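Take a look at the structure below.
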DNA sequence: CGAGTGGTTGACTCCCTTCAAGATCAGTGG
DNA sequence: CCACTGATCTTGAAGGGAGTCAACCACTCG
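Chains as they are written, first to last, in UniProt numbering: chain A, 1 to 240; chain B, 1 to 240.
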């Protein structure tokens, strides 16, 4: 980890679909009041992590909230029996760092080299207290996270792994950063092991399931990280 | 459904563990400012539902937020393939009614006869806009929901149903309303089918799994809705 | 009493986990 | 340039857990 001694870039918070239209810029990010931006700049830092570097560990003091500026992050929960359940992947603009009783509930790890905006929780709380709009943004952000978590729940509870994978691919294809809607090509930011830990299954099953989907013409592996998808066939699979 | 033409009872919001101590009363509920209580009383109504009555349906306009005053509620999501995934159960003080783009994401159904405090979303938003403390409470509440959802995720992703059921029982045993920590007896508020839909499995498997747990001495069915639990043995099961 | 609901048990099938080995690829150093 | 190595991905085989369909039991209610 390195703290970068440069001016903080503009804080960009992902805002897909749930904010009033006049608060969203052309790239789908939230427009923050310039005063708020300035105040944030005073308390936040820009930090960089290398691929596979741990950002924070489960059950350690939850001092910061992070917002990816570039790169991608994996947040997972380790259970007593050794299982490692991935809770979510985070792309630029999606804040993470949920705590409970002052400690992190999960651990976070850089999927790629990445730049993160790091905001001290205490200072953010204080700032929210006299910036109602920021407070409101945090609330809307928390509800967005809740929706994502419920969506994840619906994905992992498909009994047949075939549906889990299909649903997962469709979910990924909604992210502009990784899906080319013209060529219908999805660029996976995570490896098979991450997909398995996200879907609650094993790498072997993921591999076999991708094979099955390809065999049935619902998608095609261009290489292990880039997949051509037939969105309508995949969607259709979920209806049966 | 019946709208009750009585004075609104005090709005009680469940506050387990994550609010400053001076804002929590002896029963574990959030202490709201009396002015806020009064303002809430002006926009909220008290409504009653009978057991098994639908409160709202998925994909219909999300006009209200509900807070159970008494009774219990089941919130579920219906999928295109006919599956009914239960997203959460709600007890007194736990607000529900998540929407997206103006419509409910899930449907809600009364598990028992219940009284709910019904708050129009628009009026609540307006109230929050000039009541920062209420806004803050909503944010903390949303994060509590997020934690619950992530906890649910961890429960349903246990591969062996035995662990799912054990974890589920432990989760239930945390709720004072349904668990007697002296006798170690849990009173289930839902039937087998609800447990199955919550855990992503079938009623038959639930029944068999309870049999297995009883056989191994981790719990005992006093009757179909009340279970004696050996908390330490159940916890221990999750570590293997 | 019969119908209906909720819960349990039995039998069979199959999907997925597990363990193992092979295949592919990127990086490294001779 | 090529052999070597380790990581990642894929494929194979065996075994078991859970879904499904069906029947049965207990209880409630009209």
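Glycine residues also receive a C-beta, built at the ideal position from the N, C-alpha and C atoms.
No experiment lies behind these values; they were computed from the predicted model shown.
Residue i at chain B interface by Cβ criterion, 8 Å
| i | result |
| --- | --- |
| residue 77 of chain A | yes |
| residue 97 of chain A | no |
| residue 100 of chain A | yes |
| residue 230 of chain A | no |
| residue 81 of chain A | yes |
| residue 200 of chain A | yes |
| residue 187 of chain A | no |
| residue 149 of chain A | yes |
| residue 58 of chain A | no |
| residue 132 of chain A | yes |
| residue 72 of chain A | no |
| residue 165 of chain A | no |
| residue 161 of chain A | no |
| residue 175 of chain A | no |
| residue 238 of chain A | yes |
| residue 87 of chain A | yes |
Burial state of residue i, where buried means 16 or more other Cβ atoms lie within 10 Å
| i | result |
| --- | --- |
| residue 134 of chain A | buried |
| residue 82 of chain B | exposed |
| residue 3 of chain B | exposed |
| residue 61 of chain B | exposed |
| residue 93 of chain B | buried |
| residue 42 of chain B | exposed |
| residue 212 of chain A | exposed |
| residue 165 of chain B | buried |
| residue 122 of chain B | exposed |
| residue 12 of chain A | buried |
| residue 34 of chain B | exposed |
| residue 144 of chain B | buried |
| residue 51 of chain B | exposed |
| residue 102 of chain A | exposed |
| residue 118 of chain A | buried |
| residue 216 of chain B | exposed |
| residue 159 of chain B | exposed |
| residue 150 of chain A | buried |
| residue 167 of chain A | buried |
| residue 87 of chain A | buried |
Contact belief for residue i with residue j at Cβ below 8 Å, rounded distance in angstroms
| i | j | result |
| --- | --- | --- |
| residue 142 of chain A | residue 142 of chain B | 4 Å |
| residue 218 of chain A | residue 233 of chain A | 5 Å |
| residue 46 of chain B | residue 77 of chain B | Actually they do not touch by this definition, with Cβ atoms about 27 Å apart. |
| residue 72 of chain B | residue 114 of chain B | 7 Å |
| residue 161 of chain B | residue 209 of chain B | 5 Å |
| residue 238 of chain B | residue 163 of chain B | 6 Å |
Contact with chain A by residue i, beta-carbon distance below 8 Å
| i | result |
| --- | --- |
| residue 194 of chain B | no |
| residue 93 of chain B | no |
| residue 178 of chain B | no |
| residue 143 of chain B | yes |
| residue 203 of chain B | no |
| residue 138 of chain B | yes |
| residue 157 of chain B | yes |
| residue 129 of chain B | yes |
| residue 84 of chain B | no |
| residue 152 of chain B | yes |
| residue 135 of chain B | yes |
| residue 105 of chain B | yes |
| residue 146 of chain B | yes |
Residue j beta carbon less than 8 Å from that of residue i
| i | j | result |
| --- | --- | --- |
| residue 120 of chain A | residue 64 of chain A | yes |
| residue 138 of chain B | residue 139 of chain A | yes |
| residue 248 of chain B | residue 56 of chain B | The structure shown does not extend to residue 248 of chain B, since chain B is modelled only from 1 to 240, so the question has no answer here. |
| residue 111 of chain B | residue 1 of chain B | no |
| residue 157 of chain A | residue 85 of chain B | yes |
| residue 178 of chain B | residue 192 of chain B | no |
| residue 54 of chain A | residue 106 of chain A | no |
| residue 185 of chain A | residue 231 of chain A | no |
| residue 146 of chain A | residue 98 of chain B | yes |
| residue 66 of chain A | residue 96 of chain A | yes |
| residue 171 of chain A | residue 195 of chain A | no |
| residue 36 of chain A | residue 131 of chain A | yes |
| residue 229 of chain B | residue 169 of chain B | yes |
Subject >> Complete alpha helix (DSSP H) runs within the UniProt domain "Cyclic nucleotide-binding" (28–97) of chain B (minimum length 4 residues, chain order) >> reply: 34–43
Original post:
What are the start and end residues of each continuous alpha helix (DSSP H) run of 4 or more residues lying completely inside the UniProt domain "HTH crp-type" (159–232) of chain A, in chain order?
Top reply: List check, alpha helix (DSSP H) in window: 161–172, 192–199, 203–215.
Original post:
Which ranges would you report for the beta strand (DSSP E) in the segment 91–131 of chain A if only whole runs of at least 3 residues count?
Top reply: 107–110, 114–120
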